[in-house]
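Scroll down for the structure; my scribbles are underneath it.
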Amino acid sequence: MTCVSEKVQYAVAPYKAGAQIAFLIRSGMADPALSEDSDLLAYGCSKESILRRIIEDADKEEERKRKKERKEKEKANLLKALILRRKHINQQELQTKEELRKKPEERESFEKKRLSIDNKIMKIIGNK
Numbered sequence: 001m002t003c004v005s006e007k008v009q010y011a012v013a014p015y016k017a018g019a020q021i022a023f024l025i026r027s028g029m030a031d032p033a034l035s036e037d038s039d040l041l042a043y044g045c046s047k048e049s050i051l052r053r054i055i056e057d058a059d060k061e062e063e064r065k066r067k068k069e070r071k072e073k074e075k076a077n078l079l080k081a082l083i084l085r086r087k088h089i090n091q092q093e094l095q096t097k098e099e100l101r102k103k104p105e106e107r108e109s110f111e112k113k114r115l116s117i118d119n120k121i122m123k124i125i126g127n128k
């Protein structure tokens with residue numbers, strides 16, 4: 001589908017079209033214009049008369065913000081889960097302190113788990 005096939009009148013500007021488009025819109029010879037920048041506003045066109053990528057760009061920016069917020073929330077939730085897991089391991093270790101003294105391999109297991117979680121926490125908060 002093209003302007004020609006749909007019998008839509010159009011004009012091609014020789015260079016910068018902003019002033020020409022603004023004149024056509026303001027004189028009532030053209031309906032809303034499609035533009036990739038906001039030059040038409042400077043020429044006195046109303047924002048309602050300009051169909052622009054601004055709408056698309058704003059939507060994309062909003063989606064980027066939502067994704068960033070989701071990512072930050074996921075990061076915070078993961079960090080919270082890791083911290084809770086770390087607390088749980090500490091509680092387990094305290095509860096079985098006497099038994100761990102008798103079994104060095106279990107103590108090493110707790111230490112490895114704790115170190116692994118500590119490394120993940122540091123990675124998430126950006127220290128590694």
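Here UniProt numbering is used: the first residue of the sequence shown is 1, the next is one more, and so on. Just so you know, even glycine gets a beta-carbon here, dropped at the ideal spot from N, CA and C. The model shown is predicted, which means the values in this text are computed figures rather than measured ones.
(message) Please report the straight-line C-alpha distance between F23 and L40, rounded to a whole angstrom.
(response) Answer to the nearest angstrom: the Cα atoms are 10 angstroms apart.
(request) Report buried or exposed for S27, applying the criterion of at least 16 other Cβ atoms within 10 angstroms of its Cβ. (result) That one is exposed.
(request) Report the rounded CA-to-CA distance for E105 versus A81, giving the unit in angstroms. (result) Straight through space, the alpha carbons of A81 and E105 are spaced by roughly 26 angstroms.
(message) Starting from A11, trace the beta strand (DSSP E) in both directions and tell me its first and last residue.
(response) Annotation: A11 is outside any beta strand (DSSP E) and is labelled neither H nor E by DSSP.
(request) For L35, count neighbouring C-beta atoms within 10 Å of its own C-beta (all shown protein chains included) and say buried if the count is 16 or more, exposed if not. (result) The sequence as given places Ser at residue 35; Leu does not occur at that position. Under this definition S35 is a buried residue.
(message) For I117, which residues in the same chain have their Cβ closer than 8 angstroms to its Cβ, ignoring the five residues on either side in sequence?
(response) Counting only Cβ-Cβ distances below 8 angstroms, and skipping sequence neighbours, we find L82, R85, R86, I89.
(request) Whole angstroms is fine: what's the gap from Y43's alpha carbon to A19's? (result) Approximately 6 angstroms between the Cα atoms of the pair.
(message) Give the list of continuous beta strand (DSSP E) stretches no shorter than 3 residues that lie fully inside the stretch 50 to 125.
(response) Taking only runs of at least 3 residues, the beta strand (DSSP E) segments lying wholly in the stretch 50 to 125 are 50 to 52.
(message) Quick check on this structure: which residue in K123, A11, A17, P14 has the alpha carbon closest to the alpha carbon of A76?
(response) Checking every option, the nearest Cα to that of A76 belongs to K123.
(message) Can you tell me where the beta strand (DSSP E) holding A42 begins and where it ends?
(response) A42 -> not in any beta strand (DSSP E); alpha helix (DSSP H) instead, spanning 39 to 42.
(request) Could you check what DSSP says for A30 in three-state terms: helix, strand or coil? (result) DSSP places A30 in coil when its eight states are reduced to three.
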